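Chains C and Y supply the protein sequences, listed in that same order. With the numbering used here applied, the first sequence corresponds to residues 216 to 565, in that order. With the numbering used here applied, the second sequence corresponds to residues 216 to 565, in that order. We put the CB at the ideal spot given by N, CA and C, even for glycine. It should be emphasised that the depicted structure is a prediction, and the values quoted were computed from it without experimental measurement. Worksheet: one structure, shown below.
Protein chains: 2
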Amino acid sequence: MIESPSAERRHPTILDVASHAGVSKSTVSNVVRGLPGVSESTRRRVRTAIDQLGYRPNVLARQLVQRRTSILGVVVGDLANPFFAEMAKSVERHAAARGYTAMFCNTEGESESELAGVETLLQHRVAGIVFLAFSGDARTKQAVLQHQVPVVFVSCGADWGDVVSVDDSRGGRLGTTHLVESGHRRVAYLSIPELEDQSDHARWEGCREALNDAGLGAPTHISWSPPAEYARVDGLDRPLLEVFTGPDRTTAVFASNDVAAIALQEFADRVGYRVPEDISIVGFDDVPMAGLARIGLTTLAQPRDELARLGIAGVADRIERKVKGPPRTTLVKVNLVTRRSTARLETDPS
Amino acid sequence: MIESPSAERRHPTILDVASHAGVSKSTVSNVVRGLPGVSESTRRRVRTAIDQLGYRPNVLARQLVQRRTSILGVVVGDLANPFFAEMAKSVERHAAARGYTAMFCNTEGESESELAGVETLLQHRVAGIVFLAFSGDARTKQAVLQHQVPVVFVSCGADWGDVVSVDDSRGGRLGTTHLVESGHRRVAYLSIPELEDQSDHARWEGCREALNDAGLGAPTHISWSPPAEYARVDGLDRPLLEVFTGPDRTTAVFASNDVAAIALQEFADRVGYRVPEDISIVGFDDVPMAGLARIGLTTLAQPRDELARLGIAGVADRIERKVKGPPRTTLVKVNLVTRRSTARLETDPS
DNA sequence: TCACAAGATTGGAACGTTACAGCTTTTGGC
DNA sequence: GCCAAAAGCTGTAACGTTCCAATCTTGTGA
Chain C
216 MIESPSAERR
226 HPTILDVASH
236 AGVSKSTVSN
246 VVRGLPGVSE
256 STRRRVRTAI
266 DQLGYRPNVL
276 ARQLVQRRTS
286 ILGVVVGDLA
296 NPFFAEMAKS
306 VERHAAARGY
316 TAMFCNTEGE
326 SESELAGVET
336 LLQHRVAGIV
346 FLAFSGDART
356 KQAVLQHQVP
366 VVFVSCGADW
376 GDVVSVDDSR
386 GGRLGTTHLV
396 ESGHRRVAYL
406 SIPELEDQSD
416 HARWEGCREA
426 LNDAGLGAPT
436 HISWSPPAEY
446 ARVDGLDRPL
456 LEVFTGPDRT
466 TAVFASNDVA
476 AIALQEFADR
486 VGYRVPEDIS
496 IVGFDDVPMA
506 GLARIGLTTL
516 AQPRDELARL
526 GIAGVADRIE
536 RKVKGPPRTT
546 LVKVNLVTRR
556 STARLETDPS
Chain Y
216 MIESPSAERR
226 HPTILDVASH
236 AGVSKSTVSN
246 VVRGLPGVSE
256 STRRRVRTAI
266 DQLGYRPNVL
276 ARQLVQRRTS
286 ILGVVVGDLA
296 NPFFAEMAKS
306 VERHAAARGY
316 TAMFCNTEGE
326 SESELAGVET
336 LLQHRVAGIV
346 FLAFSGDART
356 KQAVLQHQVP
366 VVFVSCGADW
376 GDVVSVDDSR
386 GGRLGTTHLV
396 ESGHRRVAYL
406 SIPELEDQSD
416 HARWEGCREA
426 LNDAGLGAPT
436 HISWSPPAEY
446 ARVDGLDRPL
456 LEVFTGPDRT
466 TAVFASNDVA
476 AIALQEFADR
486 VGYRVPEDIS
496 IVGFDDVPMA
506 GLARIGLTTL
516 AQPRDELARL
526 GIAGVADRIE
536 RKVKGPPRTT
546 LVKVNLVTRR
556 STARLETDPS
């Protein structure tokens with residue numbers, strides 16, 4: 216008998232528990248899962264054995280034989296973006312409340328890593344996928360559809376799965392109308408290329424429509440990648456500088472999300488433009504820091520926790536077959552929160 | 216033959232691919248894993264079959280037979296806290312780069328959910344666990360040790376696993392010394408109860424020592440739970456108000472982390488105390504928003520990405536048996552970043 | 001032409017569970 | 001006491017892989 220020197224102690228299995236408690240593995244399994252049909256005395260005996268051995272059921276084996284996992288895949292655009300971070304947290308909590316474990320994958324807005332992430336999720340046989348951002352990539356779509364896994368798009372859009380989101384276009388109108396009513400005639404729309412998706416597009420449309428309804432010209436579209444750290448936002452950004460100095464006299468910017476809005480505000484602060492005196496800024500999301508007295512960002516508040524709750528409920532219902540049929544769309548309210556970053560435009564006495 | 220009406224189409228298995236390509240499952244397995252010993256022609260044939268069927272290896276089955284997963288558990292204090300969000304993102308990226316998938320669990324600083332989360336991770340047979348926060352709970356420790364899974368504490372502390380962190384005590388001294396050199400004599404130390412851990416304690420100690428070395432009295436310790444949203448920070452908080460008005464004439468606060476520092480700044484803004492004229496504030500972490508011109512928080516910068524990288528490298532090396540032996544501690548540099556929230560104390564002409 | 005090595009391919013035994021049918025034992029009504 | 005029904009318990013066959021020893025092909029040099 217040669218004993219391996221670094222003998223790896225193995226995790227106790229259901230069989231170890233069974234023999235330790237003097238019952239069959241079936242009985243142990245029933246105890247572990249709290250099924251009826253086990254006498255109180257054996258139940259106790261098994262419980263003791265479990266504690267003594269430190270037995271933990273192997274979820275892998277369980278899921279293999281049941282052919283379904285209790286893992287939810289969550290696709291996030293950027294975990295470090297406060298909006299996603301808040302959503303991720305809510306999603307994780309609601310998932311746990313319904314008995315699911317969340318497995319995140321961060322895409323950085325790149326469809327390559329989105330695809331790779333989704334592929335990993337599928338290989339792990341996730342029970343469902345929650346998209347908190349979706350690039351629109353066709354390969355991702357094909358992979359998910361091929362594997363027939365329930366999908367929900369939360370606060371982002373696609374036409375091949377349930378959608379839970381705010382009415383982005385309405386949000387776009389609300390924010391823009393607020394600007395128009397404050398006397399602004401020329402509005403720019405700012406978005407971050409990495410996060411451009413269907414939601415972003417709907418916001419832009421809403422903005423455009425509102426301007427149009429007011430008989431004003433279409434918004435200028437600006438695409439800007441602020442550096443990952445606000446501290447590195449600098450005054451060298453020509454296209455951005457033109458927003459402030461350009462010939463079209465833009466006096467207000469509607470940013471497609473708060474991170475962009477705050478980065479823009481930072482830019483203004485650095486190059487010496489005043490907000491809101493020189494330029495009004497509206498964001499979207501209402502991330503926690505937008506409410507800081509020093510930031511005071513006017514923005515469209517998304518009910519994050521409700522979005523997360525409805526999203527999880529949606530996939531979970533599909534997974535548990537409580538809901539069948541074609542994709543549904545659920546829209547929740549979006550609210551304008553007025554703060555210091557927007558102000559009535561003082562009209563030139565010209 | 217009665218065909219179930221809603222016949223669930225099952226995922227193709229390795230056997231389906233095998234018969235489709237006219238080879239044995241072993242060969243398919245070898246192709247999938249890129250092992251040598253398969254002729255180029257069969258390799259191609261198998262590849263085609265895989266594509267046609269949309270076959271994806273079942274990671275569960277693989278991991279069951281290999282008795283090891285490629286999942287890393289990550290325990291996070293609060294995903295919505297920007298410091299953790301940044302760390303989570305880095306950790307996820309470095310894990311993916313080494314071939315691991317991250318599975319997060321959020322503890323909210325409660326040891327109950329920490330325990331539950333770790334229990335879930337262990338049941339999923341994670342290959343290792345990265346703690347980004349640790350409550351110190353003994354049951355968690357016991358569970359992890361019992362299952363003999365490699366563990367690393369990143370930016371938090373414990374004596375039963377590898378540790379990668381900044382020298383918290385040194386950070387505490389650096390920040391405090393900065394205050395002392397600016398003429399402050401009475402310093403308070405502020406921490407958030409949910410995030411109080413070994414790191415927090417070391418920072419406090421560093422603060423205390425620096426004051427002591429300067430011949431000054433010990434810092435007042437304040438424990439404060441700011442509301443989840445900054446927007447709800449209000450002026451009703453008596454204990455906090457006493458920091459500003461109390462008889463001990465506190466002129467500076469060292470917050471154990473940036474979120475607390477920013478919440479305190481917000482509180483000051485709301486009740487009408489000026490930062491830094493009335494009170495200087497130092498934070499810890501250097502979260503992105505600390506660098507905003509409008510926030511300008513003096514703080515101790517943690518090299519987040521390096522922490523994450525070293526942490527992942529640490530667990531991965533343990534998992535892959537490249538490192539054995541007793542726990543190691545790796546300390547990385549912490550840097551004072553001076554911004555607008557601290558200023559030289561104008562001494563009373565009394 | 002043959003033996004033999006190297007290369008290519010295969011089948012079966014795990015891995016740790018759950019599901020389910022079947023087997024005991026107990027219970028209770030008459 | 002007896003019999004049926006209920007309750008308690010067990011054994012076996014999956015689940016979809018990997019691992020490994022065994023077998024089947026080739027190709028090569030003598």
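- DSSP, reduced to helix, strand and coil, places Cys-320/Y within a strand of the structure shown.
- Residue burial annotation: Gln-278/C is buried, with at least 16 other C-beta atoms found within 10 angstroms of its C-beta.
- Each of Ala-429/C, Thr-284/C, Met-302/C and His-362/C was checked against the Cα of Val-291/C, and the nearest Cα belongs to Met-302/C.
- Contact between the segment 309–321 of chain Y and the segment 365–372 of chain Y is absent: fewer than 3 CB-CB pairs across the two stretches fall below 8 Å.
- With contacts defined as CB atoms closer than 8 Å, Ile-527/Y and His-309/Y qualify as a contacting pair.
- Ranked by how close their Cα comes to the Cα of Leu-294/C, the residues Ala-300/Y, Asn-296/Y and Asp-293/Y have Ala-300/Y in first place.
- Bounds of the alpha helix (DSSP H) holding His-416/C are 413–428.
- Closest option to Ser-471/C, judged by alpha-carbon separation, among Glu-492/C, Leu-389/C and Gly-529/C: Leu-389/C.
- Beta bridge pairing from DSSP links Gly-498/C with Thr-514/C.
- It is roughly 57 Å from the alpha-carbon of Ala-558/Y to the alpha-carbon of Asp-266/C.
- Under the Cβ criterion of 8 Å, Asp-382/C is not counted among the residues facing chain Y.
- Boundaries of the beta strand (DSSP E) harbouring Gly-343/C: 343–346, taken from the DSSP string.
- Contact of Lys-537/C with chain Y by beta-carbon distance below 8 Å is absent, the smallest such distance being about 14 Å.
- Annotation for Leu-336/Y: Gly-288, Met-318, Cys-320 and Ile-344 place their beta carbon closer than 7 Å to its own, counting only its chain and skipping 5 residues before and after.
- At a Cβ-Cβ threshold of 8 Å, Asp-452/Y and Leu-512/Y do not count as neighbours.
- The beta carbon of Ile-510/Y falls within 8 Å of a beta carbon belonging to chain C, placing the residue at that interface.
- DSSP, read as helix, strand or coil, puts Ser-438/C in strand.
- Exclusion of the five residues before and after Val-458/C leaves Ala-403, Ile-437, Thr-465 and Val-468 as the residues of its chain whose Cβ lies within less than 7 Å of its Cβ.
- Sequence-ordered contacts of the segment 437–463 of chain C with chain Y read Glu-444, Tyr-445 and Ala-446 [C-beta pairs closer than 7 Å].
- Straight across, the Cα-Cα distance linking Asp-532/C with Gly-314/C is about 12 Å.
- The three-state secondary structure of Val-369/Y, taken from DSSP, is strand.
- Pro-272/Y and Gly-252/Y have their C-alpha atoms roughly 20 Å apart.
- Taking a contact as a CB-CB distance under 8 Å, the pair Asp-412/Y and Phe-349/Y counts as one, their CB atoms being some 6 Å apart.
- For Asn-245/C, the three-state secondary structure derived from DSSP is helix.
- The C-alpha of Leu-455/Y is placed about 23 Å away from the C-alpha of Thr-392/Y.
- In the three-state DSSP reduction, Ser-239/Y falls in the coil class, being neither helix nor strand.
- Counted as a single uninterrupted DSSP element, the beta strand (DSSP E) harbouring Phe-469/C occupies residues 467–470.
- At least one CB of chain Y lies nearer than 8 Å to the CB of Glu-307/C.
- Between the alpha carbons of Arg-354/C and Ser-384/Y lies a gap of roughly 50 Å.
- DSSP lists Ala-516/Y as the beta-bridge partner residues of Asn-550/Y.
- Looking only at Gly-461/Y, Trp-375/Y, Leu-525/Y and Asp-484/Y, the smallest Cα-Cα distance to Ala-508/C is reached by Asp-484/Y.
- Assigned with DSSP and collapsed to three states, Ala-505/Y falls in helix.
- In the structure shown, Asp-377/Y falls within a strand segment according to DSSP collapsed to helix, strand and coil.
- Per DSSP, Leu-360/C is one residue of the alpha helix (DSSP H) stretching across 353–361.
- Taking each of Ala-331/Y, Lys-356/Y and Val-366/Y in turn and checking the Cα distance to Ala-342/Y, the smallest one comes out for Val-366/Y.
- Taking a contact to require three or more Cβ pairs closer than 8 Å, the segment 543–551 of chain C and the segment 485–497 of chain Y do not qualify as touching.
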